Every structure is written in C-alpha cells, then in structure tokens.
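Engineer: One structure is given below, represented as structure tokens, and several questions about it will come after.
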Amino acid sequence: MPLSANDPSHKSWLDVPANSDFPIQNIPFGVFLTRDDVITIGTRIGDTAIDLGALHQLGYFKGIDLTDDIFLQDSLNDFIADGRKTWRLVRNRVSKIFREGSDTELRNNDDHRDKVLFSLDEIEMQMPVDVGDYTDFYASKEHATNVGSLFRDPENALMPNWLHIPIGYHGRSSSIIPSGTPIHRPIGQSKPGDDGKPGFGPSKLLDFELEMAFITTAANDLGKRVSIDEAEDHIFGLVLFNDWSARDIQAWEYQPLGPFLGKSFASTISPWIVTLDALEPFRAKGPEQEPKPLPYLQQQGKKNFDIHLQAIIQPENGEENIVANSNFKYMYWSMAQQLAHHTINGCNVRSGDMMGSGTISGPTKDSYGSMLELTWRGQNPLKLSDGSERKFIEDGDTVILRGHAEKDGVRIGFGDCSGKILPAH
Ligand code: MN
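Numbering (numbering that gives the first Met the number 0), first residue to last: 0 to 424.
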C-alpha cells in the first residue's frame with residue numbers, strides 16, 4: 000500500500016505554524032481528555048487536536064474495517080493490534096480529510112468541525128498505550144563505551160558480549176508517564192562510605208537518559224520468533240523517552256542482576272506516537288557492524304533513522320539550555336535487530352509493548368545523552384546561561400527532550416518530552 004500521506008506537496012487547510020513538528024505528513028496517534036472530560040484517541044495537525052472517535056462516529060472512516068468503539072478507548076492497544084494495513088488506511092484517510100483541495104466535507108460543516116477539532120489548551124494528553132511490558136536496550140556503542148570507560152576500564156570499555164548481542168533488560172512499565180508529569184527525587188540506598196554502612200536518602204546523582212522508544216503490535220505467539228526481515232512490520236511507531244536514572248542508587252544495586260530502583264521510579268515519554276510510516280523518508284544507514292552479527296541479526300538496507308535529538312535543562316523560572324545534540328541514526332543495533340533478538344528465544348511481544356533504545360550518545364562530547372557522560376561523572380560541570388553549574392539534575396529543573404527529522408521541506412517531530420524534578424518527600 001503506498002504511503003500517500005507522506006507526499007511532501009500536501010498542505011492542510013488547518014493552520015500549521017512554521018517549524019511545527021506536526022504538519023499534515025506526520026499524523027501521529029495519541030490519547031487525550033477533551034473539555035467535556037471525554038477520553039478519546041486522536042491525532043494532531045499543527046496546534047489542532049483531532050478527535051478520531053468523533054470523526055468515526057460522524058462516518059468519516061466509511062469503508063475501513065474498524066469496530067465502532069475502536070477510537071473511544073483510553074489506550075491505542077486495540078487499534079495497534081488491528082495491524083499495519085489498518086493504521087495505513089486510517090492515516091491516509093486523515094490526510095485526505097484535512098488536505099487542502101482534497102476534501103471539503105468537514106471543512107464546510109461547522110457542527111462537525113466543532114465536534115472533531117480542539118485547540119491544545121482544551122485537551123489533556125494521557126498515556127497513549129497501556130504498556131504491558133517495557134524493555135530497555137543499551138544499543139548505542141558510544142554510550143556503552145563511555146559508561147564502560149567511566150566504571151570499568153577505558154582499555155576494555157565494551158564488555159565481550161556487546162558487539163554480538165543487543166544488550167537489554169526488563170524494565171518497569173507501571174511508572175512510565177506522559178510528558179508534563181512532575182517527578183519527586185527518588186530516595187534510596189547508595190554505596191557505603193568509610194564507615195562501611197550504606198548511605199540512605201534522596202539521590203544526589205539524578206540523571207536523564209536521552210532515548211527513543213518504539214511501540215509494537217502483537218508480534219508473535221509464545222514460542223514463535225520474529226525474523227529480522229519482518230521485524231519492522233510489527234513496529235507501530237516511536238516516542239521520545241527519558242529513562243530517568245539515579246546513578247548513586249544504580250551504582251550500589253546493579254550487581255549482579257542489573258538496574259532496579261535506580262531506574263524504576265519514572266520514565267517520561269512524549270505523548271504522540273509518530274508512526275514508522277511517517278518516518279519512512281528519513282531512513283539512514285547505521286554504523287558498520289564488525290564483527291558481523293550472527294545470521295538471525297543480519298539485516299538488509301537502511302534500518303536506522305535520521306532523527307535529530309536534543310536534551311534541554313530549564314532551571315526553575317529560568318531559560319532553556321541545550322545540553323546535548325544527538326541523533327537516532329547513531330544507534331549501533333537497529334530496532335529490527337532489537338525485536339528479532341527479543342523474540343529469538345520465543346518470548347512473545349504484545350500490542351502496546353515499549354522498547355527503549357538505551358541512551359543515544361554520538362561521537363562528540365556535546366552529543367552525549369546523559370549528564371553522567373556530559374560532565375564525565377561530575378568532573379566537568381556544565382555551565383548554564385544563568386551562571387549556575389550542573390553536575391547532575393537539581394530540584395526545580397525541568398528536563399525536556401525534543402526530536403525531529405527534516406527533508407524536502409517536511410519536518411516530522413515529536414513535540415516535548417518534559418518532566419520537572421520536585422524535592423524528595
Ligand atoms: Mn536507559
């Protein structure tokens with residue numbers, strides 16, 4: 000099926016501000032509460048939120064095989080489970096309804112427009128999916144090398160398995176929250192000092208991790224595998240993902256079983272899921288893989304995506320400071336490789352599952368995706384525009400992740416992935 004919704008020549012009859020992340024070529028999916036306290040599945044063009052539940056009730060999706068209540072739900076899980084053919088039909092139809100010169104039915108119907116369109120201040124974004132399982136990978140070679148150098152041996156920074164396996168661990172889905180939700184600084188244990196007793200209290204080394212996460216459809220039954228060639232068919236879309244990390248809690252607890260409470264207090268996502276289809280024009284070649292991975296991880300063609308990423312720190316009542324510029328194309332292990340690896344043992348992946356990329360660091364010091372790397376474990380504090388310094392994240396700071404891809408005059412972005420740190424309580 001052609002991805003007609005991606006045509007760069009399309010313009011919407013809805014207003015789209017210059018440099019908007021949400022032109023008519025994007026058409027992301029999300030869940031929001033309306034002014035009438037109704038929860039619905041929707042999309043967004045420019046700064047207008049579109050109620051897909053209302054559009055469906057008014058008959059605008061005629062001819063597409065959808066259940067009556069598919070958009071009148073508090074998560075996208077069922078819609079995602081309908082599969083890629085359905086996602087494409089809906090995205091193409093939305094594109095047609097809102098395209099300049101293509102369809103005037105909704106544009107000319109005041110009553111319908113009133114039921115379907117909302118300004119952003121009339122809605123409240125919710126979690127787009129009910130995340131059953133969340134896995135976090137560790138797929139950036141630069142990040143793994145930096146962390147290995149900091150905590151182990153700069154000469155042997157990568158563990159012997161790293162170039163053979165997309166390393167990952169099972170995270171906690173209950174504490175994944177949408178952008179804008181504040182977070183209290185976590186409390187926990189830290190490494191013993193000279194007295195031999197573990198420390199306890201608010202984390203002193205609170206960090207962000209600049210990541211992206213992909214959301215899957217039901218990919219395989221228990222005991223079955225997803226091959227690398229079909230892996231992308233099961234990826235619905237992506238969000239920005241801040242995998243908040245308390246480095247002092249993490250450093251004390253992580254051996255021998257891996258990350259636990261230093262990670263599970265919160266992870267923040269951008270609330271609009273940008274489909275893999277919308278990102279199709281931005282494919283890029285990933286890094287050369289040497290040694291060659293095992294056959295089940297060998298891929299053809301461009302499996303990475305050129306998405307510019309930023310991390311920003313905004314102190315309380317202060318201005319935004321860009322602290323990192325990275326790119327999703329730096330990933331060593333692609334999403335397809337991650338999904339093929341995840342299922343090689345027969346583990347079943349379900350609709351609404353979320354897979355974090357791991358911190359995305361680039362080759363230069365200003366492209367590192369965490370404070371741990373940017374300040375080299377606090378040795379080189381960052382200077383902010385108000386004159387203050389940061390080794391890690393302080394109370395009152397808001398961390399914002401942003402990301403967009405751009406080509407042929409079309410900019411596809413994700414909106415803000417933002418979270419403010421409140422004092423421990
Ligand atoms: Mn992470």
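Backbone N, C-alpha and C fix where the C-beta goes; we use that ideal spot for every residue, glycine too.
These numbers were taken from a predicted model, which means no experiment stands behind them.
Nearest-angstrom Cα distance between ASN25 and ASN326?
Structural biologist: As a first step, residue 25 must be located in the sequence shown, where it is residue number 26. As a first step, residue 326 must be located in the sequence shown, where it is residue number 327. The straight-line gap from Cα to Cα measures roughly 19 angstroms.
Engineer: Which partner residues of ASP206 appear in the DSSP bridge assignment?
Structural biologist: Locating residue 206 in the sequence shown gives position 207, counting from the first residue. Answer is SER244, bridged to ASP206.
Engineer: Looking at C-alpha atoms only, which residue of LYS302, LEU421, GLY377, ARG34 is the closest neighbour of GLU123?
Structural biologist: On the sequence shown, position 124 is the one that residue 123 refers to. Checked all of LYS302, LEU421, GLY377, ARG34; the closest Cα to GLU123 is ARG34.
Engineer: With DSSP run on the structure shown, which of helix, strand or coil describes LYS84?
Structural biologist: Residue 84 sits at position 85 when you count from the first residue of the sequence shown. In this structure, LYS84 counts as helix in the three-state DSSP scheme.
Engineer: Less than 8 angstroms between the CB of LYS262 and some heavy atom of ligand 1, yes or no?
Structural biologist: In the sequence shown, residue 262 corresponds to position 263, counting from 1. It does: the Cβ of LYS262 is within 8 angstroms (strictly closer) of some heavy atom of ligand 1.
Engineer: Could you name the residues of the same chain whose beta carbon sits closer than 6 angstroms to that of ILE411, not counting the 5 residues immediately before and after it, in chain order?
Structural biologist: By 1-based counting over the sequence shown, the position of residue 411 is 412. ASN25, ALA277, ALA404, listed in sequence order.
Engineer: Return the first residue and the last residue of the beta strand (DSSP E) that HIS169 is part of.
Structural biologist: In the sequence shown, the residue the question calls residue 169 occupies position 170. Per DSSP, HIS169 belongs to the beta strand (DSSP E) from 167-169.
Engineer: Compare the beta carbon distance of GLY131 and SER172 with 9 angstroms and say whether it is the shorter of the two.
Structural biologist: Locating residue 131 in the sequence shown gives position 132, where the first residue counts as 1. Locating residue 172 in the sequence shown gives position 173, where the first residue counts as 1. A contact, by the Cβ cut-off of 9 angstroms.
Engineer: Alpha carbon to alpha carbon, how far is GLU210 from ASN324? Give it in angstroms, no decimals.
Structural biologist: Numbered from 1 along the sequence shown, position 325 holds the residue referred to as residue 324. Numbered from 1 along the sequence shown, position 211 holds the residue referred to as residue 210. Those two C-alpha atoms are separated by around 12 angstroms.
Engineer: Could you round the C-beta distance between VAL273 and PRO27 to whole angstroms and report it? I think they count as a contact, below 8 angstroms.
Structural biologist: Residue numbering aside, residue 273 sits at position 274 when the sequence shown is read from its first letter. Residue numbering aside, residue 27 sits at position 28 when the sequence shown is read from its first letter. Rounded, the Cβ-Cβ distance is 5 angstroms, consistent with contact.
Engineer: Starting from GLU405, trace the beta strand (DSSP E) in both directions and tell me its first and last residue.
Structural biologist: Start at 1 with the first residue of the sequence shown, and residue 405 comes out as number 406. Counting along the chain, the beta strand (DSSP E) containing GLU405 begins and ends at 397-406.
Engineer: Report the three-state DSSP secondary structure of ASP114 (helix, strand or coil).
Structural biologist: As a working mapping, residue 114 is identified with position 115 in the sequence shown. Here residue 114 turns out to be Lys, not Asp, going by the sequence shown. In this structure, LYS114 counts as helix in the three-state DSSP scheme.
Engineer: Ligand 1 and SER226: does the residue's C-beta get closer than 8 angstroms to at least one heavy atom of that ligand?
Structural biologist: Against the sequence shown, residue 226 aligns to sequence position 227. Answer for SER226: no, Cβ out of range of ligand 1.
Engineer: With a CB to CB cut of under 6 angstroms and the five nearest residues on each side skipped, what residues in its chain are close to ILE321?
Structural biologist: Taking the first residue of the sequence shown as 1, we reach residue 321 at position 322. Once the five neighbours on either side are set aside, the close Cβ partners of ILE321 are GLN309, ILE311.
Engineer: With a 10 Å radius around its C-beta and 16 neighbouring C-beta atoms as the bar for buried, classify ASN5 as buried or exposed.
Structural biologist: As a first step, residue 5 must be located in the sequence shown, where it is residue number 6. Result: buried.
Engineer: Under the rule that 16 or more other beta-carbon atoms within 10 Å means buried, what is ASN241, buried or exposed?
Structural biologist: Here residue 241 refers to the residue found at position 242 when the sequence shown is read from its first residue. That one is buried.
Engineer: Go to ASN324, then tell me how far its beta strand (DSSP E) extends in each direction, as first and last residue.
Structural biologist: Taking the sequence shown and counting its residues from 1, the one referred to as residue 324 is at position 325. Per DSSP, ASN324 belongs to the beta strand (DSSP E) from 320-326.
Engineer: Locate the alpha helix (DSSP H) running through HIS307, then write down its first and last residues.
Structural biologist: As a working note, residue 307 is residue 308 in the sequence shown. First-last for HIS307: 307-313, but that is the beta strand (DSSP E), not the alpha helix (DSSP H).
Engineer: Helix, strand or coil, according to DSSP, for LEU2 in the structure here?
Structural biologist: In the sequence shown, counting from the first residue as 1, residue 2 sits at position 3. DSSP places LEU2 in coil when its eight states are reduced to three.
Engineer: Report, in whole angstroms, the separation of the C-beta atoms of ALA138 and ILE227, which I expect to be a contact under 8 angstroms.
Structural biologist: Position 139 of the sequence shown holds residue 138. Position 228 of the sequence shown holds residue 227. Not quite, the Cβ-Cβ distance comes to about 15 angstroms (not below 8 angstroms), so this is no contact.
Engineer: If we call anything under 9 angstroms between Cβ atoms a contact, is SER202 one with GLY187?
Structural biologist: Taking the first residue of the sequence shown as position 1, residue 202 is located at position 203. Taking the first residue of the sequence shown as position 1, residue 187 is located at position 188. Contact: yes.
Engineer: Are GLY285 and LYS301 touching if we call contact CB-CB under 9 angstroms?
Structural biologist: As a working note, residue 285 is residue 286 in the sequence shown. As a working note, residue 301 is residue 302 in the sequence shown. In this structure, LYS301 lies closer than 9 angstroms to GLY285 by Cβ.
Engineer: Is any heavy atom of ligand 1 found at a distance shorter than 8 angstroms from the C-beta of ASP81?
Structural biologist: Taking the sequence shown and counting its residues from 1, one reaches residue 81 at position 82. No, the beta carbon of ASP81 sits no closer than 8 angstroms to any heavy atom of ligand 1.
Engineer: Would you grab the beta carbon distance between PHE136 and ILE164 for me? Rounded to a whole angstrom, and I think it's under 8 angstroms.
Structural biologist: Within the sequence shown, residue 136 is the residue found at index 137, counting from 1. Within the sequence shown, residue 164 is the residue found at index 165, counting from 1. With a Cβ gap of about 10 angstroms, PHE136 and ILE164 do not count as contacting.
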